[in-house]
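Number of protein chains: 2
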Amino acid sequence: MSVTSLELRSEITPAGQLHLSLEERQVAAPGPDEVVVRVEAAPINPADLAELLGPADVATLSSAGTAERPVTTATVPDRLVPFAAARAGKSLAVGLEGAGVVVDAGANAQHLLGQVVSSGAGRMYTQYRKLQASDVVPFPEGVTPQQGASAYVNPLTALGMVSTMRLEGHSALVHTAAASNLGQMLNKLCIADGVQVVNVVRSAEQEEILRAIGATYVVNSTNPDFRDQVTTAISQTGATLAFDAVGGGPLGGQILAAMEAALVAKSPSRGPYGSPVHKQLYIYGRLDRSATTTPPSVGMAWGIGGWLLPYHLTRIGPQETSELRDRVAREITTTFASGYTGEISLAEALDPEVIRRCHRAATGEKYLLRPHSD
Amino acid sequence: MSVTSLELRSEITPAGQLHLSLEERQVAAPGPDEVVVRVEAAPINPADLAELLGPADVATLSSAGTAERPVTTATVPDRLVPFAAARAGKSLAVGLEGAGVVVDAGANAQHLLGQVVSSGAGRMYTQYRKLQASDVVPFPEGVTPQQGASAYVNPLTALGMVSTMRLEGHSALVHTAAASNLGQMLNKLCIADGVQVVNVVRSAEQEEILRAIGATYVVNSTNPDFRDQVTTAISQTGATLAFDAVGGGPLGGQILAAMEAALVAKSPSRGPYGSPVHKQLYIYGRLDRSATTTPPSVGMAWGIGGWLLPYHLTRIGPQETSELRDRVAREITTTFASGYTGEISLAEALDPEVIRRCHRAATGEKYLLRPHSD
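Protein chains in written order, with our numbering: chain A, -13 to 360; chain B, -13 to 360.
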């Protein structure tokens, strides 16, 4: 049975004009190993916004069309047009993850019919999505699609951070922008798994959010004695690995230098090269788009690098990835539960004001897209 | 047989005063597996200066004592005193490497007697050095100690860079401060081994030095079109690994961004994260002590880190290290030949003017210490 699906599309013209629109598509009947999911809920993650908007300037967003079929446009600054070259003129389906109910299934996927499932296969900002049966994960009885919408990006990122820590021989973590949805989830996971986290935040309000969920180490980078506080917390936890969502500016380098200072205080080095213990910072976000600065006081045994979930999943391979996904499905209403600022329809997802609110990414603010609501 | 040896010592007092002096020591007869080397030649490497001077300010160097037994002092700036805490009050023997003749040998090391050998075991700024037989490498017939003095730091660093390249799956290299003694050696090695090197230098004179020894890719970072030139050279060689002796400032980040630009130009990426090919920069020196800056245009698949020869040798293990050392011994007068600005005695090594000249580290300038000369 073929169904009609309204879906959100994003295109950037070669001249640098962004067009967001809703299109009707026919979703054909599933093949033997396929299912059709009626998508009920999909979160708007920062990574989704990056796909949705490309390098377009959100200040230039404006909307036309009808209330039911809006068309939203924005302009890519000239100097950033080359960064959109590879997608120029292509209409992209977006939405990294979401959850819904299996409404049609091929001969080999009949066991999934009627089940609530999640998928991280992309193109989820749509009403119906045809998927390989192997690309969906069913939830235990009683889990709703709203509860299961964010079962991929944040949960696997939090699990990926802890798995990176173990793979690379570290025993505790530092996390910046730590009061985010992801940061809260990381704390719940680490409390459950007995891993110590040094949380770096930017306000007293954010400190409170984390202490309320049981975080032990929370330091505020706007305090005048931040460097002493973060060095003490790093020394107490023994953290030699940090995940940084800020990316630009001095914060990451300050954290590495604090690790070096904590190590040298415990075990003074006679040579000129500082501690031989490796200190690693992974940048997984760019809340600050300025250059990352690293002082020489990090010693010589250190590294900084980009960290992306898909690269990490490739590194650990399909078996361990599958184990992580199964854990997320089991604990989706506890360890990996997400909260949302509000729910929006497909048409509302094109509202410039809603997009700008998503883009400001205030702490913990996140919207849930409901493709079948009006 | 015990011999008297004059050796160079470096001490920093807890109050931050550097003292360099010459001391007479008795070197006892070797044990069964030991040899005594009459040290004939030892280079003064930048890494030796770091040991010798610690964080002392070279502008404050002054000399007292006699011409034969000078005592040189300098002051460590207050804010840097903590960095010398671990060595405070300890008299250190220095000199990372050197070569000489085996003049005494234990029962199990008789085959080394009379041979010209090198060692990278440290404490080589002395007239006689007792060593484990396993810590010396004999040269082929006809190699002089002057020819063999620098058989450790620069040759193994150059070989270590190429070995890192192979270990981490890269196929070409970028090197900064590329006209240094080490940089020239790296070019000779890479020409011999068929590896392409993009050399980054700071002057036309340095360009000439490298072209004269057969380097193909030489770019001058002071040229106005440096970014285009380095991107072109990186694109032509496919280099995704760089070794950087500058350390501070924007150069390292510019090289990573050029790698990313070269990769994206060849294989455009549709997503917001740039090329998935990993780009790596290793900082092994700090000619520039300012902070390292990295722009966001490096994409997400990148890393920067410290690189030190001892850490690399630990990584590859004793078997491969031994193979590299044997190769250096075989090719010490060809691929791994070193040149020196001049030869100095132990007393001259304490001359403030000589130390300042070493410290300025002008391209290719390096002194050879001859512990038995007056």
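The C-beta atom is built at its ideal place from N, Cα and C for all residues, glycine as well.
- The beta carbon of glutamate 127/A is closer than 8 Å to none in its chain, skipping five residues each way along the sequence.
- Taking CB atoms only, alanine 36/B has a neighbour in chain A less than 9 Å away.
- Alanine 333/B is a Cβ neighbour of proline 56/B, given a cutoff of 9 Å.
- Every unbroken stretch of the alpha helix (DSSP H) spanning 4 or more residues and falling wholly within the region 214 to 267 of chain A is given here in chain order: 237 to 252.
- For serine 104/A, same chain residues with a beta-carbon under 6 Å away, outside a window of 5 residues either side, are Ala85, Val123, Gly134 and Ala137 in chain order.
- Between the C-alpha atoms of glutamate -3/A and aspartate 230/B there is a straight-line separation of about 40 Å.
- In terms of beta-carbon proximity, valine 44/B stays away from the interface with chain A, with every pair separated by 9 Å or more.
- Closest in alpha carbon position to proline 282/A, among Tyr259/A, Pro296/A, Leu295/A and Gln266/A, is Tyr259/A.
- A distance below 9 Å separates the beta carbons of isoleucine 269/B and isoleucine 290/B.
- With fewer than 16 other Cβ atoms from the protein chains shown falling within 10 Å of its own Cβ, histidine 97/B counts as exposed.
- Annotated three-state conformation of threonine 143/A is helix, per DSSP.
- If you compare the alpha carbons of Asn31/B, Glu154/B and Ala15/B with that of tyrosine 111/B, the shortest gap goes to Asn31/B.
- Within the DSSP bridge table, the entry for tryptophan 288/B names Lys265/B as partners.
- For the region 275 to 296 of chain B, the set of residues with a beta-carbon nearer than 9 Å to any beta-carbon of chain A comprises Arg275, Ser276, Ala277, Thr278, Thr279, Thr280, Pro281, Pro282, Ser283, Val284, Gly285, Met286, Ala287, Trp288, Gly289, Ile290, Gly291, Gly292, Trp293, Leu294 and Pro296, in chain order.
- Under a criterion of Cβ atoms nearer than 7 Å, the residues of chain A adjacent to arginine 272/B are, in order, Pro282.
- Boundaries for alanine 119/A: no beta strand (DSSP E) harbours it, and the DSSP string shows neither H nor E there.
- For glutamine 12/A, the enclosing beta strand (DSSP E) stretches over residues 3 to 13.
- A buried status is given to glutamate 20/A, since no fewer than 16 other beta-carbon atoms sit within 10 Å of its beta-carbon.
- Listed in chain order, the positions of the region 87 to 114 of chain A with a beta carbon within less than 9 Å of a beta carbon of chain B would be empty, since no residue qualifies.
- The three-state reading of DSSP puts glutamine 101/A in coil, since its state is none of H, G, I, E or B.
- Neighbours of glycine 234/B in chain A, taken as residues at a C-beta separation under 7 Å, are given in chain order as Pro282.
- Taking 7 Å as the Cβ-Cβ cut-off, the region 294 to 327 of chain B approaches chain A at Leu294 and Tyr297, given in chain order.
- Taking 9 Å as the cut-off, the Cβ atoms of arginine 115/A and valine 22/A count as close.
- Following the DSSP letters along the chain, one finds valine 340/B inside the alpha helix (DSSP H) bounded by residues 338 to 346.
- Comparing alpha-carbon positions, the option among Tyr203/B, Leu159/B, Arg343/B and Pro41/B lying closest to isoleucine 330/B turns out to be Arg343/B.
- Linking leucine 310/A to valine 148/A through their CA atoms gives a straight-line distance of about 11 Å.
- If only complete runs of 3 or more residues are kept, the region 11 to 68 of chain B shows the beta strand (DSSP E) at 20 to 29, 48 to 51 and 56 to 61, in order along the chain.
- Just so you know, the alpha carbons of leucine 78/B and leucine -8/B end up roughly 14 Å apart.
- The DSSP-derived three-state label of isoleucine 318/B is coil.
- Just so you know, the alpha carbons of glycine 328/A and threonine 46/A end up roughly 24 Å apart.
- Between proline 262/B and chain A, the shortest Cβ-Cβ separation is below 9 Å.
- Put simply, of Val181/B, Thr150/B, Leu196/B and Glu154/B the residue whose alpha carbon is nearest the alpha carbon of leucine 168/B is Leu196/B.
- Judged by their CB atoms, serine 207/B and arginine 188/B are nearer to each other than the 9 Å cut-off.
- Alanine 33/B belongs to the set of residues whose beta carbon lies under 9 Å from a beta carbon in chain A.
- By the criterion of a C-beta distance shorter than 7 Å, isoleucine 318/B is surrounded in its chain by Phe125, Val129, Gln133, Gly134 and Ala137, once the five residues flanking it on both sides are discounted.
- When rounded, the separation of the alpha-carbon atoms in aspartate 90/A and arginine 301/B is 54 Å.
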